[in-house]
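Quick notes on the structure that follows.
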Amino acid sequence: MQGSSGYCEREHTADWELEVWATDLEGLFESAARGMFAMCGARGRPDERQVHKFSLEAVDYESLLVSFLQELLYLSEMEGRFIDTYELHIEPYHFEAVVAGTPLAGLDKEIKAVTYHNLKIVPTEDGLRVRIVFDV
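Written as structure tokens, this is what we have:
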């Protein structure tokens, strides 16, 4: 593992694939969010920060991850927000988030959806790892 948490883009035939790793679920979700925004080339304006609070429930952690990333895409696309601060708390299949960010200054590429294609959170010696495919 490269550091305790992080992400890197992987080659994929038609869509985008992101590999993410962290020592715990909260770190994995945060790294996935940061990686998703980095892949899009999202950037914020140095304007007033806004806080968003939300909670999610799902049948498993993979579904929770997809729901979380979809919620961030909604904030980005529909409310024009660039999220760069994350306070996450995950319990079995329940998720509480307090995220903050600035107005979206620009986006190089757009993600249509987060997919379930080959999505599996895998335990490793150092923590957790997942590959996420985005429909673009």
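Position one of the sequence shown corresponds to residue 1170 (my numbering), numbered consecutively onward.
Idealized CB from N, CA, C, for every residue including glycine.
Element boundaries [alpha helix (DSSP H), containing residue i]
| i | result |
| --- | --- |
| Leu1218 | Per the sequence shown, the amino acid found at residue 1218 is Arg instead of Leu. From DSSP, Arg1218 is part of no alpha helix (DSSP H); its letter is neither H nor E. |
| Ala1201 | 1194 to 1209 |
Whether residue i touches residue j by CB criterion (7 angstroms)
| i | j | result |
| --- | --- | --- |
| Phe1264 | Leu1225 | yes |
| Asp1184 | Thr1271 | no |
| Phe1206 | Phe1237 | no |
| Phe1223 | Ala1266 | yes |
| Tyr1239 | Val1283 | Residue 1239 is actually Gln in this sequence, not Tyr. It is a contact, given that the beta carbons lie within the stated cut-off. |
Exposure of residue i, with buried meaning 16 or more beta-carbon neighbours within 10 Å
| i | result |
| --- | --- |
| Gly1275 | exposed |
| Arg1250 | buried |
| Val1189 | buried |
| Ser1200 | buried |
Residue i - containing beta strand (DSSP E), residue span
| i | result |
| --- | --- |
| Ala1191 | 1185 to 1191 |
Which runs of the alpha helix (DSSP H) spanning at least 4 residues fall entirely within the stretch 1229 to 1262, listed in chain order?
For the stretch 1229 to 1262, whole alpha helix (DSSP H) runs of length 4 or above, ordered along the chain, are 1230 to 1248.
3-residue-minimum beta strand (DSSP E) runs that sit fully inside the stretch 1267 to 1300, ordered along the chain:
1291 to 1293
So, does the stretch 1206 to 1213 touch the stretch 1232 to 1239, judging by three or more C-beta pairs under 8 angstroms?
Contact between the stretch 1206 to 1213 and the stretch 1232 to 1239 is not established, with fewer than three Cβ pairs separated by less than 8 angstroms.
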